[in-house]
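Residue numbers (this note's numbering): 25 to 307.
Printed below as a string of structure tokens:
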């Protein structure tokens, strides 16, 4: 049990740091090369753990490719959001993926509404509205949507939630390690093909050369946050591990304040409320 919680603590810390790393890795373009490095190096870190894994059948490749398409597009918006927005503002909005996941689960997986899930939705939206206070609840939510960095994170959250539905359907076909590695490879290949068709392979060399430490750190955090989750859920239920992982938001906001000198005053309440809402929905 102690090893499981140690792994979960590692996941929370790495997730908290990841947003700053991605912000440093991104640029003012479409960030395709950043996403390639993020997942390409992540796949290399996962490779030693995926060797020897075999699926029950190879239909999992279709699920992995579908998720790969969604995650490719999602992470372009993720990079864009963190590149142009403040970490303390956009990171809590990423927790809305829990809300989108719940809605999609009700529609496609026939999950039921409960009092606590409805309360969780209310907390998430109210907490989100406090991140950009504009006088009242409606105006504050409108300000969030009209902010480009926030809108990009909302799109990212929605696309990731769709990917999670596909991942859940593939859960009984291949091991989590093999499936994750395959998804990472597909994302990297999609980004590579895009860069190749647009004559931008040199952009990969440029980002690896000019942002070597950020590149390695991004691949490491991307891979090992998942590995640590696998270790944790051997003992801890997923319904506990995932809400605890949302604590990484606090680390990201704190680092944004200390390192990037962001003004987080007034946003802490929103962070706490969105995390509490996620807990309500997942539990």
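Ideal placement from N, C-alpha and C gives every residue a C-beta, glycine not left out.
Beta-carbon separation (whole angstroms), residue 186 vs residue 302, contact threshold 8 Å: Wrong, their Cβ atoms sit about 18 Å apart, outside the cutoff.
Three-state secondary structure (DSSP) of residue 119: coil
Residue 240: first and last residue of the uninterrupted alpha helix (DSSP H) it sits in: 236–256
Proximal residues to residue 57 (C-beta, below 6 Å), its chain only, five neighbours per side dropped: 227, 228, 231
Host alpha helix (DSSP H) of residue 191 (start-end): 172–193
Nearest-angstrom Cβ-Cβ length linking residue 205 and residue 106, presumed shorter than 8 Å: In fact, because the Cβ distance is near 25 Å, the residues do not count as touching under 8 Å.
contact_flag[the segment 203–218, the segment 150–161] where n(CB pairs < 8 Å) is 3 or more: no
Three-way DSSP call (helix, strand, coil) for residue 75 in this model: coil
Nearest-angstrom Cα separation, counted from residue 221 out to residue 305: 42 Å
Selected residue, minimal CA-CA separation from residue 279, among 40, 270, 28: 40
When 27, 67, 26 are compared against residue 244, the one with the closest alpha-carbon: 67
When 74, 276, 117 are compared against residue 169, the one with the closest alpha-carbon: 117
Rounded separation between residue 288 and residue 114 - CA only: 12 Å
The segment 264–275 in contact with the segment 26–38 per 3-pair CB rule at 8 Å: yes
CB contact flag (residue 286, residue 164, <8 Å): no
Continuous alpha helix (DSSP H) stretch holding residue 104: start and end: 84–108
With 16 other Cβ atoms within 10 Å as the buried cut-off, status of residue 130: exposed
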